[in-house]
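For the sequence shown, our numbering gives the first residue as 3, with consecutive numbering after it. All C-beta atoms in this analysis are idealised placements derived from N, C-alpha and C, irrespective of residue type, glycine included. Each remark here refers to the structure printed beneath this line.
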Amino acid sequence: MLLKARWLLPVNSPPLPDAAIRIEGESIQKIVSRQEITNEEKIIDLSDFVLLPGFVNAHAHLEFSRVPKQKNFTEWVRQVIALQASATEADKRKMIRSTAKSLATTGTTTAAIHAGLDLPVDCLSSLPFKTITFLEILGLTEEIALANIRKAFDGRVRALIEKDSEIYPSPHSLYGLGEEFLDKLLETSDSLLSIHLLESEDEEQFFRKRTGPLAELIAERGGKLPFPARSPIEWLASHRALSNRLLVVHGNYLTETEIELLQKGGSSVIHCPGSHRYFGHRDFPLAELQNSGVNVALGTDSLASNEGLSMLAEMRNFRTKSGLSRNEILKMATLNGAIALSKEKEIGSLEVGKKADIIGVPIGRHKDPLDAVFEATEVSFIMRDGKICFAP
Ligand SMILES: [Zn+2]
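Now the structure itself:
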């Protein structure tokens, strides 16, 4: 099958006008120029479209509903806990269906999702995009931590993990689980880990000074204070957990020393521009991360701290805030996400041999294909593993 396009944005090489992608089975077999196109094969005519790799959303939650703005991060956490406790399984299923749909229609073809242990796990196997799921382990008291660890590894989840090797138990954060359990979890894990780290001022205050609203919430819920390290990143380094298998989600309050450690370890940082704006965090340390060579990828986070779950919107938001070139931002929304998830050999760019995960937007009145992508609010073409899922 040949996908004929007005423009191709391969991401890892310059844009190509009037070109086509030959798909064989699930993969990209060749990128061809207009002259090379013959009529001997099935041609899907997308001559008015810009084709690009599907977005790799490196951090999302599907089950959360909207939370009104709170006076600080900790109050927001309290609201999320209360809302999750009152949501029924039917509510969660409904929410997952609707957020999954909005991720897919805005171009996400692979998503790294964090999922609570109470999530109806069967809904994770029928989502309209590929998933890498991180089952969040939380628990500030021994009793709760043990129960949750058991739940994450119990027969039902195990069976699902065996069926779909892309489900990994992972600590939600370093403040949400006692140190002794974090220790055990990291020791036994040789797979991907995705951890919320240094997201907020409250979290920074908790780690650096062991005070503040988050410290109060942790104490209220029976957590043992203080956490032994003032730097969660140094703590991870001392437990040999900084590797290219670690996704540091947020990292808004990282210090230069911590950034250096992440670089040495080869870990990625996932920035969520919409969520960053919702909380009004201090500036994301983008220049410091880029200068030291840390891989930075983008994610949408959840509806609890974002207006919607659209990688198109995240790219637009991030462009306004960061002043980065659109090519760099597009790379963060595709290839860098694939690198964070150790999937850069499979997805993240339009390259021979990679999976044919391709999205398209109409070129419309635009001359520059990046204008068309950065103005789009939805995608009009979706292909996953060489199968057309949505077409104009
Ligand atoms: Zn999150």
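Check	Outcome
Assign Ser307 to one of two classes, buried (16 or more other C-beta atoms within 10 Å of its C-beta) or exposed (fewer than that).	buried
Less than 6 Å between C-beta atoms, sequence neighbours within five positions excluded: which residues of the same chain meet that for Thr110?	Phe57, Asn59, Phe131 and Met313
Per DSSP, what are the beta-bridge partners of Arg386 in this structure?	Lys389
Does the beta-carbon distance from Leu249 to Leu195 come in below 8 Å?	yes
So does Asp303 have its beta carbon nearer than 7 Å to some heavy atom of ligand 1?	yes
Suppose you measure from the CA of Thr107 to the CA of Val375; what does that come to, to the nearest Å?	14 Å
For the beta strand (DSSP E) that contains Leu48, what are its first and last residues?	Ile45 to Pro55
Evaluate Gly27 with the Cβ neighbour count: other Cβ atoms within 10 Å of its Cβ, from every protein chain shown; 16 or more gives buried, anything less gives exposed.	exposed
Under three-state DSSP, which class holds Val251?	strand
At a cut-off of 7 Å, would you count His63 as near ligand 1, judging by its Cβ distance to the nearest heavy atom?	yes
Within the region 264-294, note down every full alpha helix (DSSP H) run reaching 4 residues or more, in order along the chain.	275-281 and 288-294
Would you check if there are 3 or more beta carbon pairs closer than 8 Å linking the region 230-238 to the region 208-222?	yes
Please find out if some non-hydrogen atom of ligand 3 comes closer than 7 Å to the beta-carbon of His116.	Absence of ligand 3 is noted for the structure shown, with ligand 1 being the only ligands found.
Can you round the beta-carbon distance between Asn254 and Ser269 to whole angstroms, since I take them to be within the 8 Å contact cut?	The pair is not a contact, with the Cβ atoms about 16 Å apart (cut-off 8 Å).
Would you mind stating whether Ser2 and Leu372 have Cβ atoms separated by less than 8 Å?	Outside the displayed range of the chain (3 to 394) lies residue 2, so it cannot be described from this structure.
Taking Leu44 as the reference, give the member of Ser175, Met3, Phe66 and Phe136 with the closest Cα.	The question names Leu, but residue 44 is Lys in the sequence shown. Out of Ser175, Met3, Phe66 and Phe136, Met3 has the C-alpha closest to the C-alpha of Lys44.
So, Leu188 versus His241, is the Cβ gap smaller than 8 Å?	yes
Kindly indicate which residue of Arg367, Val298, Asp387 and Gly388 has the alpha-carbon position closest to the one of Phe51.	Arg367
How many angstroms separate the CA atom of Gln81 from the CA atom of Asp47?	49 Å
Here's the rule: buried if 16 or more other CB atoms are within 10 angstroms of the residue's CB, otherwise exposed. What is Val354?	exposed
Within 7 Å: the Cβ of Val251 and any heavy atom of ligand 1?	yes
If you measure from the CB of His198, is any heavy atom of ligand 1 nearer than 7 Å?	yes
Look at the alpha carbon of Ala21 and the alpha carbon of Glu168, and state the distance between them as a whole number of angstroms.	34 Å
Beta-carbon within less than 6 Å of Ile341's beta-carbon, same chain only, minus the 5 sequence neighbours each way: which residues are those?	Asn297
Hey, could you find the ends of the alpha helix (DSSP H) Leu176 is sitting in?	No alpha helix (DSSP H) contains Leu176, which DSSP labels as neither H nor E.
What does a CB cutoff of less than 6 Å around Ala378 pick up in its chain, not counting 5 residues either side in sequence?	Leu314 and Val363
Rounded to whole angstroms, what is the Cα-Cα separation between Glu181 and Pro171?	16 Å
Consult DSSP for Ile98 and reduce its assignment to one of helix, strand or coil.	helix
Apart from the five residues just before and just after Cys321, which ones in its own chain have a Cβ nearer than 8 Å to its Cβ?	A small fix is needed here, since residue 321 is Arg in this sequence, not Cys. The answer, listed in chain order, is Arg328, Ile331 and Phe376.
What separation, rounded to the nearest whole angstrom, lies between the Cα atoms of Ile390 and Ser382?	11 Å
Restricting to Cα atoms, I'd like to know which of Lys369, Arg99, Phe281 and Thr190 is closest to Gly72.	Before going on, a small fix: residue 72 reads as Gln here, not Gly. Here the closest residue by C-alpha is Phe281.
So what does DSSP say about Ile25, is it helix, strand or coil?	strand
Just to check my reading of the structure: Leu216 and Tyr177 have Cβ atoms closer than 8 Å, yes? What is that Cβ distance to the nearest angstrom?	6 Å
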